[in-house]
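Report on the following structure.
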Amino acid sequence: MEQYFVDIAQWSVSRAINESSWIFAVVQAFHLVSLGFLAGSLLMVDLRLLGRGFSQQPTARVARDARPWLIGSMVAMVLTGVPQFISLATKEYESPYFRWKMLMLLIAFIFTFTIRKQVAYAPEGRFGGGISKAVALVSIGLWTSVAINGRLIGFFS
Amino acid sequence: MAEMFAPVQSLFMWVSEFESSIALRESQYVMPWVFVFHVVSMCMFAGTILMMDLRLLGVGYMQTPFSQVQRRLFPWQIAAMVVSSMTGLALVWGNPMNYVTNIIFWVKMVAMGIAGLNAMAFHFITEYTVIDWDAGKTPPSGARLAGWLSIILWVNVVVAGRLMPYALTWFRS
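If you read the sequences in order, they're chains A and B.
In terms of our numbering, the first sequence is numbered consecutively and its last residue is 158.
In terms of our numbering, the second sequence is numbered consecutively and its last residue is 207.
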């Protein structure tokens with residue numbers, strides 16, 4: 002497994018990112034901008050599920066409106082995340098925060114497109130307020146932990 | 035370039051000698067967590083601002099009237115702004131001399147100032163007519179302009195925030 006990460010760091014594109022004085026910085030900056038859009042499109046639905054959002058709108062309607070921005074920002078996150086990973090692959094391999102981030106990301110991703118989607122798109126009133134609120138809090142918690150571990154990769158690795 | 039910052043430099047120098055500033059600077063674990071809270075509160079602030087802007091541009095959340103988007107997001111925007119301002123202040127408080135001559139830091143501060151003026155101009159001028167276009171398909175040009183300015187300025191703030199540490203290698207030799 003370790004060898005695989007070492008190989009990735011040796012790719013010419015990985016080395017090119019490392020040798021440039023600005024590519025990595027610009028990619029990081031747009032990773033953060035995409036994070037803003039991602040957080041926004043998640044919060045629109047989570048706040049609605051918490052009963053603190055657009056309570057006059059059915060949740061499914063808010064979720065449908067948020068969907069293109071959710072998908073778009075996820076794509077942007079991956080496009081700006083992969084270059085950072087490949088250029089630092091050997092460092093990431095050793096970082097516990099990177100492993101936590103990837104694990105939480107996987108769980109958050111699955112949760113968002115299974116349970117959260119079922120609840121958000123359900124006809125109004127099928128799930129009780131308690132379930133909706135729990136789903137929103139789990140969603141916020143999972144995605145926040147992805148962001149926190151992402152920030153910590155840069156500090157303690 | 036250094037003389038450009040001379041007037042504020044003495045103020046920042048003064049802060050850097052406070053006990054609280056020295057303690058923050060020397061703490062090994064406090065600063066990283068301040069950064070974490072700064073980023074998490076940024077997510078909530080930028081996220082709720084950007085989603086409102088998309089509605090202003092007429093490209094997102096069109097099934098919800100603008101006034102409802104604005105009213106519901108407002109408390110979250112304010113709460114997140116308070117946390118990100120406080121953590122941001124703590125970051126500068128702990129390392130004032132790192133920021134005072136950093137051109138990207140000042141770009142961020144100026145962009146935030148203009149973004150604030152844009153929000154106020156929208157609130158006091160364009161939003162008066164909201165009743166005419168609240169649920170409509172395309173908000174008026176004044177509203178769309180405010181939305182564009184807000185997106186450009188806040189993206190600028192986020193980008194500048196991330197690029198700040200690079201100013202050392204880019205603009206100084």
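Note that CB positions come from ideal geometry on N, CA and C, so glycine has one too.
Interface with chain A (7 Å Cβ-Cβ cutoff): Ala80 (chain B) is included. Inclusion of Ile18 (chain A) and Pro84 (chain A) in the CB contact set at 7 Å is warranted, their separation being smaller than that value. For Ala123 (chain A), the three-state secondary structure derived from DSSP is coil.
DSSP places Leu89 (chain A) outside any alpha helix (DSSP H), giving it a letter other than H or E. Linking Arg100 (chain A) to Ala90 (chain A) through their CA atoms gives a straight-line distance of about 12 Å.
At the C-beta level, Val144 (chain B) and Ala194 (chain B) stay beyond 7 Å of one another. Residue environment: Gln4 (chain A) is assigned as exposed (fewer than 16 neighbouring CB atoms within 10 Å of its CB, all protein chains considered). Proximity to Arg65 (chain A) across A:Arg16, A:Lys134, A:Phe156, A:Gln119 peaks at A:Gln119, based on C-alpha coordinates. Exclusion of the five residues before and after Leu84 (chain B) leaves no residue of its chain whose Cβ lies closer than 6 Å to its Cβ.
When DSSP states are grouped into helix, strand and coil, Ser15 (chain A) belongs to the helix group. Counted as a single uninterrupted DSSP element, the stretch harbouring Gln62 (chain B) is not any alpha helix (DSSP H), since DSSP gives it neither H nor E. Spatial neighbours of Arg117 (chain A) in its own chain (CB-CB distance under 6 Å, excluding positions within 5 residues in sequence) are listed in chain order as Val136, Ser140. Look at the segment 4-31 of chain A: the residues with a C-beta under 7 Å from a C-beta of chain B are Ser22, Ala26, Gln29, Ala30. Across the structure, Val49 (chain B) and Tyr95 (chain B) are spaced so that their CA atoms are roughly 45 Å apart.
Look at the segment 110-138 of chain A: it has no residue with a C-beta under 9 Å from a C-beta of chain B. Taken in chain order, the members of the segment 33-52 of chain A whose beta-carbon sits within less than 9 Å of a beta-carbon on chain B are Leu33, Val34, Leu36, Gly37, Phe38, Leu39, Ala40, Gly41, Ser42, Leu43, Leu44, Met45, Leu48, Arg49. Of all residues in the segment 71-83 of chain A, none is placed with a Cβ closer than 8 Å to any Cβ belonging to chain B. DSSP, reduced to helix, strand and coil, places Val93 (chain B) outside both helices and strands of the structure shown, so it counts as coil. Residue contact with chain B for Phe86 (chain A): absent (no Cβ-Cβ distance below 7 Å to any residue of chain B).
Look at Gln111 (chain B): its C-beta is not under 7 Å from any C-beta on chain A. By the neighbour-count criterion, in which a residue is buried when 16 or more other Cβ atoms sit within 10 angstroms of its Cβ, Gly41 (chain A) is buried. The three-state secondary structure of Ser96 (chain A), taken from DSSP, is coil. By the rule that beta-carbons nearer than 7 Å mark a contact, Arg178 (chain B) does not touch chain A. For the pair Ser118 (chain B) and Phe69 (chain B), the CB atoms are not nearer than the 7 Å cut-off. For the pair Phe108 (chain B) and Thr98 (chain B), the Cα-to-Cα distance works out to about 15 Å. Each residue's CA atom was taken as its position, placing Gln111 (chain B) and Gly37 (chain A) some 13 Å apart. Between the C-alpha atoms of Ser146 (chain A) and Met105 (chain A) there is a straight-line separation of about 7 Å.
Judged by pairs of C-beta atoms under 8 Å, the segment 178-195 of chain B touches the segment 147-163 of chain B, as three or more such pairs exist. Across the segment 92-104 of chain B, CB contacts with chain A closer than 8 Å involve Gly94, Tyr95, Met96, Gln97, Thr98, Gln102, Val103, in sequence order along the chain.
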